[in-house]
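Colleague: Chains as they are written, first to last, in the numbering used here: chain A, 9 to 147; chain B, 9 to 147.
2 protein chains.
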Amino acid sequence: MSIAEIKEHLIKHGVKPSLPRIKIFEYLISYKSHPTADEIYNALASELITLSKTTVYNTLDLFVKSKITIPILIEDNETRFDANTSNHGHFKCLRCNKVYDFDYDLSDHNIKELAGFEPREFHTYIKGVCKKCAQNAKD
Amino acid sequence: MSIAEIKEHLIKHGVKPSLPRIKIFEYLISYKSHPTADEIYNALASELITLSKTTVYNTLDLFVKSKITIPILIEDNETRFDANTSNHGHFKCLRCNKVYDFDYDLSDHNIKELAGFEPREFHTYIKGVCKKCAQNAKD
DNA sequence: GTATCTGCAAAACATTTGCAATTCT
DNA sequence: AGAATTGCAAATGTTTTGCAGATAC
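(1) So, for B/Ile-64: in the same chain, excluding its five sequence neighbours on each side, which residues have a beta-carbon less than 6 Å away from its beta-carbon?
(2) Can you find the residues in the same chain that come closer than 7 Å, C-beta to C-beta, to A/Asn-95, ignoring five residues on each side of it along the sequence?
(3) Give me the subset of the stretch 68 to 92 of chain B whose CB atoms are less than 8 Å from a CB atom of chain A, sorted by chain position.
(4) Can you list, in chain order, the residues of the stretch 128 to 139 of chain B whose Cβ is nearer than 7 Å to any Cβ on chain A?
(5) Run through chain A and tell me which residues come within less than 8 Å of B/Leu-102, C-beta to C-beta.
(6) Distance, Cα to Cα, B/Ile-80 vs A/Lys-20?
(7) Contact check, A/Ser-74 vs A/Gly-22 under 8 Å by CB: the rounded distance?
(8) Output the distance between the C-alpha atoms of B/Lys-24 and B/Leu-18, rounded to the nearest integer angstrom.
(9) Please indicate yes or no: does the CB of A/His-96 lie closer than 6 Å to some heavy atom of the ligand COA?
(10) Where do the ends of the beta strand (DSSP E) carrying B/His-17 lie?
(11) Check B/Asp-173 in the structure and name its three-state DSSP category.
(12) So with CB distances below 9 Å, who are the chain B contacts of A/Leu-59?
(13) Bridge partners of A/Asp-109, per DSSP?
Set out below in C-alpha cells:
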C-alpha cells in the first residue's frame, strides 16, 4: 500500500490522515510484526522527533474504533496491533515470542452454542513453538 | 466438586491444598464467572480476613503453571481466570461485559497453515451481544 | 478563529518483587 | 528447625487523563 493509498484508506474510514497517523498505519502494514504501542513509538521516534507515546496510544485507539486495526490480546502484559482486519488466526511462539498470522476464519464455522448471541468479532489464538525454534532445538 | 475433591484435585496436580488455595479454586469452579484477581480478592476477603492480593496473584500463577486454570485474555486491561481447562470458547458480551463459555474445540479443526508449528494451547474468543442484552434492547 | 490534533506531565491501574512474618511438618 | 506459604509495602510497566500548545481548515 502506497502512502497515497494509506491516505485514502484512512479517509474512507473517517480518519483524518495526519503525518503521525499515516506513519503509524504504514508501520503496521509494512512490518506486519503485530507491534506493541511501545515498539511503534521506538521505531518512529527517530523520524518523528516530536512524537509522543500519548499520540501512539490515541492513534491506535482511533484506528481500533474506526475498524482499520484490531488489538491482539495474546499476552497479558501487552496489547499488540494488526492492520489486517480480515478474520485470521494468530500463533505466538513461546520460545521466540514472535506472533505469526495463519489463515483461519472462525466465523465460517457454525458454532451452534452461540444461538441467541450476536457475534461481532472473532478471535483465534494458538500458542506453541514455531518451526524455526523447533528446528533449533533439534540442532 | 466438594472440598474433599478440590483437595484431591490440587494434590494430584502438585499443589499443596492450603486454605487460600482451596477457597480460590472453589470460587473459580463454583461461580464460573471467569473472575479477575481483583474480583476473587473482593469476594473472599470478608471470609479470609488476612488474605492479600499478592496471595491471590501467587495462587493464580501457581494454578496456571500447574495447568488447573487457564488465563482468559479477552480484554486488554484485565486477566480473567477459568478452572475449566478443557478446550472451549469464550464469548464476551460488549453490553453487560459478562463472559460466557461455549463448546468449541479449536484443536479438532485441522489448521493446515500451522504446518511446522507445534501447538500447545488453543484459544477461541468471540465478542458480541448476548441473548439477554439483545432482548433488552428490543424491549 | 474555531475545532481538531498533539504531546508533556501526572495519574491510574493491574501486576510483580523484595523481604519479613507466619505456618506447617 | 527448615521449608513452604503468606502478606505488606514498594516498585514496575502499560495505559489513561488533564490540559496546554500547535496545527489545520
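We put the beta carbon where it would ideally sit given N, CA and C, even for glycine. Treat the numbers as computed from the prediction; the structure is a model and nothing was measured.
Modeller: Quick look at the numbers:
(1) Here the question's residue 64 of chain B lines up with position 56 in the second sequence. In the sequence as presented, Ile is not what sits at residue 64 of chain B; that position holds Val. Closer than 6 Å at Cβ, skipping near neighbours: Ala-45, Ile-48, Tyr-49.
(2) Along the first sequence, read from residue 1 onward, the residue named residue 95 of chain A stands at position 87. Asp-113, Leu-114, Ser-115, Phe-130, listed in sequence order.
(3) Pro-79, Leu-81, Ile-82, Glu-83, Asp-84, Thr-87
(4) Arg-128, Glu-129, Phe-130, His-131, Thr-132, Tyr-133, Ile-134, Lys-135, Gly-136, Val-137, Cys-138, Lys-139
(5) The count along the second sequence starts at 1 and reaches residue 102 of chain B at position 94. Going along chain A in sequence order, the residues near B/Leu-102 (Cβ under 8 Å) are Arg-128.
(6) As a first step, residue 80 of chain B is located in the second sequence; it is residue number 72 there, counting from the start. As a first step, residue 20 of chain A is located in the first sequence; it is residue number 12 there, counting from the start. So the alpha carbons of these two residues sit roughly 34 Å apart.
(7) Against the first sequence, residue 74 of chain A aligns to sequence position 66. Against the first sequence, residue 22 of chain A aligns to sequence position 14. Contact holds; Cβ gap of about 6 Å.
(8) By 1-based counting over the second sequence, the position of residue 24 of chain B is 16. By 1-based counting over the second sequence, the position of residue 18 of chain B is 10. So the two alpha carbons sit approximately 7 Å from each other.
(9) The ligand COA is not among the ligands present in this structure, which contains no ligands whatsoever.
(10) Taking the second sequence and counting its residues from 1, one reaches residue 17 of chain B at position 9. Run containing B/His-17: none in the beta strand (DSSP E); it sits in the alpha helix (DSSP H), 11 to 20.
(11) Within the shown structure, residues of chain B are numbered from 9 to 147, placing residue 173 of chain B beyond reach of any answer.
(12) The residue you call residue 59 of chain A lines up with position 51 of the first sequence. The premise fails here: A/Leu-59 is roughly 22 Å from chain B at the closest Cβ pair, so nothing lies under 9 Å.
(13) If you number the first sequence from 1, residue 109 of chain A lands on position 101. DSSP output for A/Asp-109 lists A/His-98 as bridge partner(s).
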